[in-house]
Structure formats: structure tokens, C-alpha cells
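8 protein chains.
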Amino acid sequence: MDTDIRRLLESVRRGQTSVDDALMQLKTAPFEDIGYAKVDLHRKLRQGAAEVIYGAGKTPRQIVGIIETMRKNGQDRVLITRISPEDAACVAQCVPMEYHEDAKVGIVGGMPEPDGIGRVVVATGGTSDIPVAEEAALTAEIFGSEVVRLYDVGVAGVHRLLAHMELLMGASVIVAVAGMEGALASVVGGLADCPVIAVPTSVGYGASFGGVSALLSMLNSCASGVSVVNIDNGFGAGYLANRINHMEVRQ
Amino acid sequence: MDTDIRRLLESVRRGQTSVDDALMQLKTAPFEDIGYAKVDLHRKLRQGAAEVIYGAGKTPRQIVGIIETMRKNGQDRVLITRISPEDAACVAQCVPMEYHEDAKVGIVGGMPEPDGIGRVVVATGGTSDIPVAEEAALTAEIFGSEVVRLYDVGVAGVHRLLAHMELLMGASVIVAVAGMEGALASVVGGLADCPVIAVPTSVGYGASFGGVSALLSMLNSCASGVSVVNIDNGFGAGYLANRINHMEVRQ
Amino acid sequence: MDTDIRRLLESVRRGQTSVDDALMQLKTAPFEDIGYAKVDLHRKLRQGAAEVIYGAGKTPRQIVGIIETMRKNGQDRVLITRISPEDAACVAQCVPMEYHEDAKVGIVGGMPEPDGIGRVVVATGGTSDIPVAEEAALTAEIFGSEVVRLYDVGVAGVHRLLAHMELLMGASVIVAVAGMEGALASVVGGLADCPVIAVPTSVGYGASFGGVSALLSMLNSCASGVSVVNIDNGFGAGYLANRINHMEVRQ
Amino acid sequence: MDTDIRRLLESVRRGQTSVDDALMQLKTAPFEDIGYAKVDLHRKLRQGAAEVIYGAGKTPRQIVGIIETMRKNGQDRVLITRISPEDAACVAQCVPMEYHEDAKVGIVGGMPEPDGIGRVVVATGGTSDIPVAEEAALTAEIFGSEVVRLYDVGVAGVHRLLAHMELLMGASVIVAVAGMEGALASVVGGLADCPVIAVPTSVGYGASFGGVSALLSMLNSCASGVSVVNIDNGFGAGYLANRINHMEVRQ
Amino acid sequence: MDTDIRRLLESVRRGQTSVDDALMQLKTAPFEDIGYAKVDLHRKLRQGAAEVIYGAGKTPRQIVGIIETMRKNGQDRVLITRISPEDAACVAQCVPMEYHEDAKVGIVGGMPEPDGIGRVVVATGGTSDIPVAEEAALTAEIFGSEVVRLYDVGVAGVHRLLAHMELLMGASVIVAVAGMEGALASVVGGLADCPVIAVPTSVGYGASFGGVSALLSMLNSCASGVSVVNIDNGFGAGYLANRINHMEVRQ
Amino acid sequence: MDTDIRRLLESVRRGQTSVDDALMQLKTAPFEDIGYAKVDLHRKLRQGAAEVIYGAGKTPRQIVGIIETMRKNGQDRVLITRISPEDAACVAQCVPMEYHEDAKVGIVGGMPEPDGIGRVVVATGGTSDIPVAEEAALTAEIFGSEVVRLYDVGVAGVHRLLAHMELLMGASVIVAVAGMEGALASVVGGLADCPVIAVPTSVGYGASFGGVSALLSMLNSCASGVSVVNIDNGFGAGYLANRINHMEVRQ
Amino acid sequence: MDTDIRRLLESVRRGQTSVDDALMQLKTAPFEDIGYAKVDLHRKLRQGAAEVIYGAGKTPRQIVGIIETMRKNGQDRVLITRISPEDAACVAQCVPMEYHEDAKVGIVGGMPEPDGIGRVVVATGGTSDIPVAEEAALTAEIFGSEVVRLYDVGVAGVHRLLAHMELLMGASVIVAVAGMEGALASVVGGLADCPVIAVPTSVGYGASFGGVSALLSMLNSCASGVSVVNIDNGFGAGYLANRINHMEVRQ
Amino acid sequence: MDTDIRRLLESVRRGQTSVDDALMQLKTAPFEDIGYAKVDLHRKLRQGAAEVIYGAGKTPRQIVGIIETMRKNGQDRVLITRISPEDAACVAQCVPMEYHEDAKVGIVGGMPEPDGIGRVVVATGGTSDIPVAEEAALTAEIFGSEVVRLYDVGVAGVHRLLAHMELLMGASVIVAVAGMEGALASVVGGLADCPVIAVPTSVGYGASFGGVSALLSMLNSCASGVSVVNIDNGFGAGYLANRINHMEVRQ
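Chains as they are written, first to last, in the working numbering: chain A, -1 to 249; chain B, -1 to 249; chain C, -1 to 249; chain D, -1 to 249; chain E, -1 to 249; chain F, -1 to 249; chain G, -1 to 249; chain H, -1 to 249.
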């Protein structure tokens, strides 16, 4: 953005751009206002190769509107998270969208070839954590990462995890998804030597308090190299994992 | 206690005990009132071989008074928990008491020969959990259990724990003491097949919230056979471990 | 498991097992991967006589699949917890399963003869706590314990509890199930001299906070020998009670 | 107060009081403003026979000032709560005050003859609850109640409580003071048929959370006739107990 | 109950009752066990003139069963709380029961003549608090208190409250029912000189946290003579108010 | 109100009003009691130009009743908040009411001409915060403020906010509505120099805890000039914004 | 700031400022970096007439350094909050500062003449709330408001508050400071028709939870026109009160 | 580690290692047990170039012992976190250690040359967050990262942050350290396109709840690419930042 400002200032200095126009550009360029949303069009340049729509609380009509604004501006690949099967069916009537029911994720424009520096491993403690894990995996994939899924390897049967040591040791980034006591992140963090992104899930009952138990457990991890995202935030973890997995490429 | 009532009723029926005396006995027998405390003298019969004094909030003078009331009534072995070094020094001037500074525990009457059905393993996640673990270990020992200590085997280095599989598999009861994310209980619970008593500790900072993180983690353990006591309650865990370790003997 | 490693190493040393095979065995033996779950087949050897499926969040089809994998591997007795009447009806069409609606528990393979060292008493504070208590009782029974049910003996009418002193004094283990103020665990813990497993329930309203009040109450029990499991975790309590009730047998 | 307004209006109607004077009286009568406090002088008429000063956060000088303003206005009996030994010593140099160190309570003007309709029983679960209990007992006494103290009768040894059934059954009001799991209130509430005022104390550690566990337990009491005051609020309980104990007198 | 024991012991001494019979009587007398509940039949003698059934979580069939057991034992007046309109309709088909939909309360046996020492005032902060207030009012009435309702007098319009000063000053007991910030209890407590029972309600949104805000506010009331019951516990408040309102009669 | 009392006292002094009448007036004037509510009729004089009905928990019939009582007393403009589309449809059959479905707000009597000292800017962090923002905006408008809406300017794209600096700098009051991390209030507070009213919303999931995260964030704002209202309390913010926006007019 | 950008752009267009210089100015103008702090020098222009230093966590040396940087840049009037008596004494040796021990506030440059549109009333519930109230009052004064203090008018004696109706009705803004149940804000909010800023204080004990009880109470205020700042944040309230009190002047 | 097992198995197969020796090696290799700690010596190989000692709760003697064990085993560079100035002075008498008082960090063996793929930017919201930030910066440096410090750029003055856009855009990883409302992470996350590690600090008062406010804010960040570590966990953030900053090198 800094370069943009400099370029604009140069243009003003050369008299190619009037002051009023420059002021206008500084203000309006980065997004298009479609009433119920300000669609960020600079974001692809600034932050990655695909755009994301958080589907919860938006009508299918609004989602379609945002997708179309994006495509109109050259953004062909779109990830829609937290979209219900019913809404997805509505959207799919207007836009070619592939829907993953487990993860409640819709994908427009298909998956790219992976071009990261390694593989992202997405692991879960149990079967019930899979929807969140899939949200993470699909997110990493749409941004260009190869993902290996390693599900139901919770710490109550630590041998299931040890059986995949090679996989863990070779990972570029690991996303550890777990509810209940959330200990997976610590054990994985102790075994592996790559960044570990922990995702607490709301799986559990009673004193799991909708994921708080797992969240606290992960924040207090005695293993180094572990950081945490919000409860059930598969998207956030997948997005960050992909970003880390593209470190060398972007430098 | 039921038998006592029956015996008393028989005595009343035979005219050996008057109604008023019987009423009095029903009321006053089980404890001696020494003003600031009602010392429970039936407890040895009902619940175990030693008596316990919770030292926190009691003056050395009160502690000595309770010990003396016990000894006068034939209770020679006494465990005093949560007693500061300063108070312990005061008490030790009046009563022969061995003091364990780490655990803040005083022991009157020495340790008995172990007579349990097996060994109690007391494990900790880190070095800072040792004081709580020692309270547990000493408690189990004074009630007659052999105790094996296994310290600093937290899950961030799960190989340290696996190196002691034989010990864990051979234990009669395991006491798992851990702060921070408290994952030790789940991993141990998954590896071992004996009862596991989890003790969350207040070790940690920030979102450990004085042991709440470890407590929730342990309550949500996905491993079966795990139960939990209060934060830092080494005594409670040691007491229960010993009780379980004497199951066959008492039946 | 340690013995298994030793045996494997011996076999390698004798040249009977190749290194690659040994490595493979170390990794794959303990479970069968059926896609949505890793069914643990060593668990019977390691931890008990029956296998458990946590039904919540699993489809009837998945449950049937796991049961069949188990039976194929010689595991005939299966406990399914937290399964709704509707799902239970589906499962029962494929597998002969007895369903207990109160406890939301399904049982495949029938109940074994009790072979524990004594009787497990399951007590509740009120009528509303019975579903959780039944989950505990059925769990203890399927693993081989004789269970006595003692329901609606809350502390607000302490005479109801005292009337069953003989039962409490003769128990091998007591499971105390209570919501609201959860005081049952403390009173029972003070009366009995066996291990007491406290189960807080979500019964109550307002400041019971879905079982938190009972949970805290039980964790703070001033009675010794009491430990706690998660809110509404009848299964965990029954499982642990049975384990303790088989202490002498397994030694 | 209503009567006062009527009397004042009558006086205005008869021309004996000017409108401005009436307005002034309506505003300034009920208290005297001494800068750092507005001393309520009507309160004796409206609410009881003694005045109370909450000592915490006030300097000895301020406390003396308030006492003197009261005495100047005919209020001879004063209760000062939460005053440290050091501050009490300072105050006692200026005003004849009896100090109770346990309860951190000062009393000016001595105790009155009890004139309530019965006896207030103040019971505690343990020894450490005594300071709060004493605050309650002294408060009830200074307002004119006879108080019976029944300390260290916690529910973990329910026989200690049953031994005093007569006392509990004959009480006019019971104040139940307990920390940790706070079950005393429920058990007492189930045994007695008079109003029970429960006082949670901050006694305990770990998951007692400074009295929250006892507070929740008492709020969720399954016994009828139990109400609760703030953690450690012995004064509030004693004040209310006395008020109830004077019901017939005031009607 | 003490007298009962004495009488029984006398009978044993005279040989009129055998020891076994006495033991049996000590155990079984106070309640009748009807499987899903232990109906307390001594309670009328010990605690009041009517019996209460907590309807939530009980089937209509169970409720009818308990009512019939009571009536069979001479308990004609019954209060059923927290019973839904649907369940009430079912019950009313078997037992003559008057249903108050607002309060979700059923009454069997009609209201008695009031015989308390004064009037119970039930006040609410707003219109939405009325259901809880009605539960309190009906409870006090069925146990024999005259009740005056004073609804929608919240502190944001303090003049509405002041307009009823006479009523408040003349009350025997005041039940203050309020949600949101719960300040009604403090203002009423400052104006009146009788016991005030505060009932926080779950009325509100956002940071009212289901009644926690009002609960904390009431526990921290700076007015003396205020005690608190559980959130939405109209029954508990009405029961206690009635008990206090019968102080002189029962002495 | 003070003036009213003075005028009344004058009237009493002159003999124009009897004492009893005066007493009655003091008590009954400020509201009309229509059974389920005490409609405040003095409020217009005391607090503003329109009256507000909190619709949640009131039946359409009750709402109509209150509106009619108001109109009968000359209060023509009424705002009804938190009224569902279904209830709104019912009300609209009896009273001419304009309904805003987004905000769940009904308006009787139309919008007045704005007469404030400036413009109120209502800004939101995201699209999902709009319903709460609309409640705020409509409230400010019905009381006479001009409102500018600035939606979807959350801090994750701070350039969207900076693009409207002129608007923010020229505002009389800013209402900042945001869920999730609620940072909008701080950033706006740092940029603008007018009072900022922060409204946390329950938008979010997981550790947003129904708006608690945003609430805490806003309370801890490091920017000066920011104050906070309850979660989702658009009405409160709009009401206060309007009040501030009329400061000069009312002085 | 917008104007600054425009002016800068004009200068660039005219060739008077080089592009690099412009870029530099855009970046460095608004503050001076003195190592441990970035002193904001534009703030006076943007936000008010005095600058504030948050003293907590800063050394006297750092505080002096910041003051001197300010004065060097023409900022003569400085408010230092949360500075201990010891640190204040140190600072006062280097800079002429008036210290208010109650409020822990230091003032450099003296108080200005009040020039607001009315008077700010600062009211407290009790004596212990005065330090926070003084922080608010002094803050409002240094920014140019006339302040009236009204202390110890808590709702438990609502007549003390009513006695000052005239003062409340005539206020421009009211700051309501209260701990414990925090009801003052609601009662004041119901009586007055100006903006009310509520400040919860940490005064209280037990379930006041360090001010949380008062905070929740204030956030849930049923009175309109009330907003809330952080616990003990007297500064924030005084700052905002002053800002509102200067509305007409700044327009 | 997998390779180690394979190598060991090969050695066993060739008869070069006996079974017992192999079993022993599997168990004891990775750490040295020095009584109070199990020093992990494989960690350098597995996880990084330096070893870390968590100083809190360890005596200077223990710290020296661990350092010496490390150095004896060839680990020359050691980071000691959370060590008080007093303890640091003790340690420095035995081992050459450089102490950073601000961060409470000790460094043995000096800093290495940076060899990461870019620069780590450590930013703070305020001056008081610097100690935590320094812990992060020094940690990243000792593991081989170049670190740029950007302190006191909180969002209440967002221009201070914008002035360093170039720095933020060019960073390899950003560590955002902030207390209070913790909004820095969101704003930075929105501006930058590299991984952002958010560190909530316990800076603040009142409703900051020791860092909980900032923690929740960061977890709920609406910016993508942000993950969170424990409150005040500067070490964890620095460690992870360095790991990410070495992604390309290690692949």
C-alpha cells in the first residue's frame, strides 16, 4: 500500500493526477461498496490468491451478490465458510459452487495446484472434530497447500499418534484439532518440530463448556511452537497454516 | 455405626443402660469437643488407621491441642497437612513431628509398613508440581501404601513417559499431578489400566487461571478410569489412592 | 505393551521378523482404521472386557460399522452410550441391541455374571438424576459388577440416607449422583469408608449453571475419599467404579 | 416517613411552617452531613436499636467522628464491623469500645438484654469459619437476640450435627456458616423448620474460588426455607436473623 | 424427631418394642418409597401445612402418583411448581387441580384462610418478572399468608415505588423480584424495616447473563436485612416469606 | 419534579389543596396503572419527546394497550423495540405502526424533523452487526437526530474506516457497533474527538461468548471518550447519542 | 487530519514539497519518539486542551521525560493519573506538580477556568468510592468543566439522593460512581434527564468480584441514558463527561 | 526419532545390540535424570539450536545444575526465562550469564548470527507491554532471528502504526503484544500479509481481568492469519516466530 501512496504522490507531483482525484483514490480504491458489504478488492494483492466469504448471517442472495462482484473484478476462486446445506443449494443455482457438507464449506473456481514448501498435516483427536478439521483442510487447499488428513488420533490412545511419527516429523505445519481436554496439541507439539496451530472444538459436554476446556488447555500447552485460534475456527487455522507453508515462496 | 446402635438398643432392652444414658451416648460418643474443634475419635474405626489435621488456618497451639487429644485417645499416627515451616517448628517443640518442607506436611508417629495390594505411582508433569505430589505420596504412605515417585514426565516430551511404561502398567493406582494444560492424566489414563486419580495444580500463569485450565482438562479427559480432585489437593488424591490400594484387604 | 515390544525385538534378533515388518507391526497393530474411526482392538487386552462406543455425534450407520468391526475381531460385548431412541431403533435393525431409554444406553451381547470384589452402590440426590445414575449402573454391570441402586436420597432429608446406612457401609464403591448443590457426595463420603465417585448432574436451574454448582461442591468436598468426574458423566463413574471393584481380581 | 410528610403538610396548612422551611426539612432532616459521610439519624426510628459502621476503608479518625456524631444525636450503641486490631486500638483511645479480634468487630455501648422471640443458632461447618460466625453472632446480640453457637459441625461428619437436633429444632432462626462445599445449609435446612440464613465463607482453596463454590451450593439448596447472603457477610446474616427473631415484638 | 427416638427407646426399655422392630422403625418411618420417589410423610409434622412437588422433569403420571400417595396419607393440600400447561391438563384429568398458567403452578386442595402475623408484599421491577412473582405469591398463600402484589415498580422510576411507602412500611415480609440490574432489592431494603427476600430473575439480555447480574447485585446489596434465593426461585422466596410471617404463631 | 412539590406545597398553604389530596397527588400523579404495567406519563416532560415500549416478553395485546394509554394521554410518537414480525403484524392491525424488520423495531407516529446540534454517525464492524445498528439509528431518529450510517468498516481493513475520516471528524456523536473482538470502538475513539458510544454485539462464535469478548474489549478501550452499553443494546446507545446530540438545545 | 493531507498534497503539487519529504511527514509528524514512548503532539489539536499520562507502570524518570517533551512542544497543562505518593514526590522534585493523594492524581500547569455548557455532577454511592470519584472530578476540571461533588448518596438510603433532586435535574452530565450492587446509576438515570456515565468501582467484598457485580448492574440498567466505563476508571468518565459538557462550544 | 528406532532395530538384527540393551536405549536415551528434572538432550536435534529453562519456581541452584548438565552434553547456548534479578545474580556467580532485567531473561552463550528468512517484527500497544515483548524478541534472537522492535503503537492512535507500514509489510513474522483491549493484533493482521502471533498481556485493570480481555479480543480477531499464545507468554511467541522465520532453511 505504501508503494501505491508513493506512486500516487509521484503522479500528483508530475501533475498527472489532480489533488482532488488523488484524495478520492486514496479513499475509494481498496473496496467496492455494494450496500450490505464493502467488498475488498485489493485483498488478493495484499494477502493471497483467493477471497473468503463468511457465510453465517448472510442470505444466499447476499452471498451470490458478493461472489459476482468478486468475479466481475477478476477474483475467480472463492471460499464460502459456514454456509448451510439449504443456503448452499440456493447459491449453487446461480453460481457453480462445489459444496462440502461436512465442513459446511462451498468452493467456487476449483482447487489450485499445491505450491507450498511442504505438506500441511491436519490431525483430530476424535471423529466428532472432523467437520472443523475439514474446514481447515479445504481452506489450506484452496490457497495452494497440499494437505494430509490424520483423524481420530487422540491422546487417550497415544500409540495411534506414535504410529504416524514419520508423517508428523515431515510436516511443514500441523493443525491439531481437538475438543474435550484438547491435549492433542501438547503431545503433537512435543513430538514435532514444525509450527503447530491448535484449534479447540466445541465437542464435548458438561465441563467442556462449549470448547473452553480445550481452549484453555491449548493456551497453556507446555510444548513450544504451539499457537491457538478461536474455538471451531477451522478456517483461521487453515488460512494461517497455508500462509506459513508459503513462507519461502513469498519472500 | 449401625452395629453400635443395635448393641446399645440391646443394652437398653436388658435394662443395663437407662434411656437417658442411651440418648446421651448416641449424641456424644463419636467425638470430643475441645472448644475450637470437635475431634472425631470414631473415625479410626470407621475410616482408616491414621488421623489427619488440616493445618491451614489453625494456630500451632490448636494443632498441638488436637494432636494431644488424639494421642490421649490412642491415635498415635497423625498427618498434618498445609502447615508452614514456622508453625511446624512451633509444633515440633511440643510433639515429636517429622516435617517435609516441600510438601508442607508434618508426620507424627512415623510411617507404617506398607500393606496395600500393590504400588501407588505418583507422577507429575513438571518440576513445579512436586510439592503437591509429595503431599499425595506422603499421605498414601502414612496410611500404608508403597509409593513410587515418577516426576517431570509431562506430555510435551511423551517419550519420557513411555520410558516408564512397565511402571505404569504395574501400578495399583496412579496419581497424575499436573498444572498448565493437565494433559498428563489423559495420556496416563490411556496407557494404564488401573484407576487414575488426577490432581490439577495451580502451576502456570495467564490463562491457567490458578489451576482451572488443568482442572477442566482433567474433567474432560477422553480416557476412561480417570477421576479428579480439587486443585492442589494432593492429600485427597493420596488418601483415595491408598483406600483403593487396600480394597482386597478390607473386604 | 512393553512385553510386546520385547517379544518383537527378540523375534527381530532371531531373524524371524525383518526390520521393516517389525517397524510396521509397531505402528499398525493396535487398531483397525475404518475411515471415520480407528477401532482400538488391543484395548480389551489392555483395559477390560467390553468395548464402549460414545454414540453422540455418530450416525447409526457409523455405530453399526464400529460394532461389526469389533465383533469381527472377537469383541462380542459392546456398550453404546448417549444414543437417542431414534438412532437406537436404527441400530437395532442391524445388530441385536438392548436399549435402555432412561439412560440412553444400548447394550450388545448381554450382561455378564458379576465377578467383582463387592457391590457398587449408585445413589442419587433426586428423581431427575436417575438417567445419569442409570448410565453409571449399566456401565458397571456390563463390565462385571453387581450394582445396588439407591435413588432420591438427597441431603435435604438426611434421614432417608441414614435409613440405608448398612447398604452404604457394606459397599465396595459408591457412585454419588447429584445436581443442584451436590451435597450428597460430602454426606455419603463422611458416612462411608469406601471410595466415593461423585457425578455432578446438570439438574437444576438458575445458579446451578448447568451442573457447575454441583461440580464445584463435589470438588470442594470436605469428606476424604471422594473424587469427581465430568458433569453428567455417568459412564465414566460406572467405568471407574467397576475398575476399583475388580482390584483384587486383576492383581 | 409517610407520617412525617403528613405531619409536615398539616403544619404547612396551618401556617405554622413556611413552604421554604418545609421544603428544607423534607430534604435535610434524615441525616447529618459530616463531609466524608452522611450519618443517617432517622435510621434508629426506621430500622432498629443500634447503628452500624462498616469499618473497612475508613480511617480510625473517620470512625471516631461518625461514632461521636451518633452519640451526640442520642445513638449510644454502635457496632463497628471489619475493623483491624490496629485501627481498633486507635479508636479505643477516643471512645470506650470493646473489641472482638476474631470477628474484627468493635462494640460501643455494650450488649442489651435479649428480647427476641427465641434463640438464634449460629452454626459453622469448620473451625476456619468461626470469624464470620462470630461477626454474625455479635451482630444479632447487639440488636437484642440471644445467640447459641454451634461450631465445627460440617456435613462430612453428619453425626456431629445430629447430636444437636434438639438445639436445631428449638431455634427461632439458624445462621449456617460454611465454606468449601457449603453443604451445611442444605442439611440444616432439611432438619430444621425455622428460617435458615446461609453464609458462604471464603474458606477453602483451589476450586472453592474464594467462596463461590459455597455460594452456589447454598443458592441451589434443595432444602426449603434457606436464603443466602454475600460471601463472608456475617453481619448481614446476624442482622437479618435478629430482625426475624423480633417479628412478634414489632407487629 | 428427638422426642420420637426417646419415645421409641422407652418402648424398647419396657419390652413393648423389640430391638429389631425399633431398628426398623428408625429406618423406615419417615417416608414411603414409591419407586421413582421417596415421599416424605413426616414433613408435614416437621415443616408445614402443605406439601410441594417440583414438577419439572417429572411425568404427569409420576406427579399424579405422588399426589395420590400424599392424599392417601392425609396430606390434602398440595402445591405443584414448574408444571407446563400440557402436563397440568393431564394431571387435572386425574386430580382436581387449579392451574395458574402465568406462574406454571398447580394447586390441589384450595387455598387456606391466611393466619400469618401480617401481610407479605411481593414486588417486581418490571412486567416480565411477574411469572416468578406469582410463583412466590401463590406459594405464600397456600401455606397461609395474606399476599399483596405490587408489580412494575422498578428503580428507574423510583417515584412509582415511593408512592407505595405505606404498603412497604406495613409489610411483615417483602419479596423483591427483579431481573436486569436487580436494584429493587436494595432500594426496598433501604426503605422498609422488615425482612426482604430478593429473587433475581432471568429477565434481561446480553450482560444480564441469565440472571447473574441481578443475583450479584442482590448479594451485594448495601441495604441491611436482605437475603437472596436462586435465580427465578419464586417458590423458595414465597416459602421462606410465609415461614417468617408465621414466626409468632409457631413459637 | 421539585417545582411540582413546591407548587403543591404553596397550594396547600393557601388552603386550595387539602392535605389528603396533596398526599394523594404526590403518590399517584406520575403514572397510570393499567394492571400489567404502570405507564409513566410524566416521562415525556422529564426525559424526552417520545415514549418507548420494550416489546420482548409482552403480548401484542399488552403492547396495544400501552400504546393506547399513551395516545389517550397525548403521547403520539411511540417506539417499540424488540418486537417480532409476527407480533408486529398483530399490533399493526390495531394501531398504525411502521415496522423495521431488520431492527425488530416498530414506530408509531412517524419520524420528527431532526433538531439536534449535529449528526449522529452509527458505524458497524461487519454486516452482521447491522440489526443492532439499525435499532440505534432508528431510536436516535425518532427522538430528533439526523443519523448517518457507516456499515462494515471493521478494523481488519482499517483503510475502509480511514476513507471516511471526514465523516467521523464531523460527527456530533458516534455509535460504534461491533461483535467479535470489538476493536472498532478503540480505533474510532482514537480518530474522532466527539463522544463515542460503544455497543458490543453478540455476533461471533466460540470465544466471543455471546458478546462478552467485544464487551470487555470496549470497556478496556485505550482510547478516551468511549463509554459502553449492554450487549446488543442498540436502543440504549441511540437514546444516549440523541440526548448528547441535543445538549445545547436543552440548556 | 484530512485537511493536513490535502494541504500536503497541494504543496506537493506546487512542487514546494518533494515526494520523499511528503512521505516522511505523513509518517512522522504526529508524535515524537522518545524511546520508551511515542508522545502524541497532535492530540491537543485533535482532542482537547490538556494531555494525560497514565502513570501506572511508568517510572518517575519516564514521567518527567514525557512531561518535559510535552512542555517543550507547548503543552503546558498535564494530568498524570494513577501515580503513587512516592513517585509523585520524585516527579515533583523536577516539575511543579500539584498532587491529590486521594485520587492519586498529579496536575501540572494548574486548573483552567471552567468554560463548559453546564455543571458536571459527580455522585458516589459510599465513602469508599471517593478516590475514583475524585479522579473523575479532577479530570473534568482540568479540561474545563465546573464540577459539583455529591458523595455518599447510595440507594440504601434513597432519601439522601432525593434531597438533592434540584442538583441532579440541573446537571449537564452526571457521573455515577458506585461499587457493590452499583444501583446508583439506575436510580440516578431514572431521576435525571441528562447523560449519565456510570463508573463501577472495586469497592466491596465476596461476590462483588472486584467490581464485576457493579459493572454488570450498570450495564443492565433499566434506566435510559446510562453508559458505562471500566471498573475504577474515574479518568475515562471525567474525560467523557467534560467532552459532553463542551458539546455546544465545539460545534 | 523414527530413524533412530530403525537404526536400533537394524543393530539388533545384526546382533550388534542385545535385546536388553536395545530396550534400555529406547527408554533412557533422550534425557538425563538429575533428580529434580529430566534434562532433554535430544531436543537440540529435534527442535532447535538452543535449550530453554523456565526459571519460575526453580532455585538458582537448580538452574545452575540444569545449565551445567546441558553444557556437559554440548549444549552451549541456553535461554533462562522468568528469572528474578536476585536469582539471576546468584546464577551469574556460577555461570557466565547476561541478564535482561526488563524481560527477566538470562542468556548463556551469547547471541548467534541471524540466519532466518527475514525479519521478525515485535510490536506493542503500549509502554507497559515492553517486558513481554522483550521476552519474545530475545527468544527469537537467541534462536537465530533478526528482530525489529516497534513499541507503543496502540490502535488508539492508529497513525502511529500506519507510519510504519513499510516495516509491517516487509516482515517475515509479526509478534503483536498488547493488553487492555488487545486490538493491535486485529489491526496489524488486517494490514500485513505475513503470519501474526498475538500475545495478550496482563496490562490493564478492572475488566481487563489480568489479560482475559485482550486474550478474548485476539482469539476473536476478524483478521485472518492471526493466532494466539497464552497471556504474557512472550517466550512462546518468540519461539514460534523464529520457527516460522526458519521455514525455508529447514526444509
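All residues carry an ideal CB built from backbone N, CA and C; glycine is no exception.
The straight-line gap separating the alpha-carbon atoms of residue 135(G) and residue 77(G) is approximately 12 angstroms. Around the Cβ of residue 126(B), a 10 Å sphere holds 16 or more other Cβ atoms; the residue is buried. Taking residue 54(H) as the centre and dropping the five residues before and after it, the same chain places the C-beta of 80 closer than 7 angstroms to its C-beta, in chain order. Between the region 199 to 208 of chain E and the region 200 to 210 of chain G, the count of C-beta pairs closer than 8 angstroms stays below three; the two stretches do not touch. Setting aside the 5 residues that flank it on each side, residue 15(E) is surrounded in the same chain by 9, each with a C-beta closer than 6 angstroms to its C-beta; the list follows chain order.
Residue 225(B) carries a strand assignment under DSSP once its states are collapsed to helix, strand and coil.
By the neighbour-count criterion, in which 16 or more other beta carbons inside 10 Å mark a residue as buried, residue 87(B) falls on the exposed side.
Contact annotation: residue 182(E) and residue 160(E) have beta-carbon atoms that are not nearer than 9 angstroms.
In this chain, the alpha helix (DSSP H) harbouring residue 61(A) covers 58 to 70.
Here DSSP, grouped into helix, strand and coil, assigns residue 104(F) to strand. Contact between residue 184(B) and residue 219(B) holds, with the beta-carbon distance rounding to 4 angstroms and staying under 8 angstroms. The DSSP assignment places complete beta strand (DSSP E) segments of no fewer than 3 residues inside the region 167 to 204 of chain H at 171 to 176 and 194 to 198, in order along the chain. Under the 9 angstroms criterion on CB atoms, residue 245(B) is classed as interfacial with respect to chain C. Beyond the five residues adjoining it in sequence on each side, residue 173(F) comes within less than 6 angstroms, by CB distance, of 120, 134, 195, 235 and 239 in the same chain, given in chain order. The C-beta separation of residue 140(G) from residue 245(G) comes to about 18 angstroms, leaving the pair out of contact by the 8 angstroms criterion. Contact of residue 71(A) with chain F by beta-carbon distance below 7 angstroms is absent, the smallest such distance being about 16 angstroms. Selection 192(B), 89(B) and 137(B) evaluated against residue 109(B) yields 137(B) as nearest (Cα-Cα).
Taking each of 50(H), 131(H) and 93(H) in turn and checking the Cα distance to residue 66(H), the smallest one comes out for 93(H).
Excluding its 5 nearest sequence neighbours in each direction, residue 221(A) has C-beta neighbours in its own chain below 7 angstroms: 184, 187 and 188, listed in chain order. Going by DSSP, residue 237(B) is part of the alpha helix (DSSP H) stretching over 232 to 243. The shortest C-alpha to C-alpha distance from residue 191(G) to any of 179(G), 70(G), 177(G) and 171(G) is the one to 171(G).
With a contact defined as Cβ atoms closer than 8 angstroms, residue 83(E) and residue 99(E) qualify at about 6 angstroms. If you draw a straight line from the Cα of residue 62(A) to the Cα of residue 74(A), it is about 13 angstroms long.
Contact of residue 16(A) with chain G is assigned, a C-beta pair being separated by under 9 angstroms. If you look at residue 84(G), you'll find it in the alpha helix (DSSP H) that goes 83 to 92.
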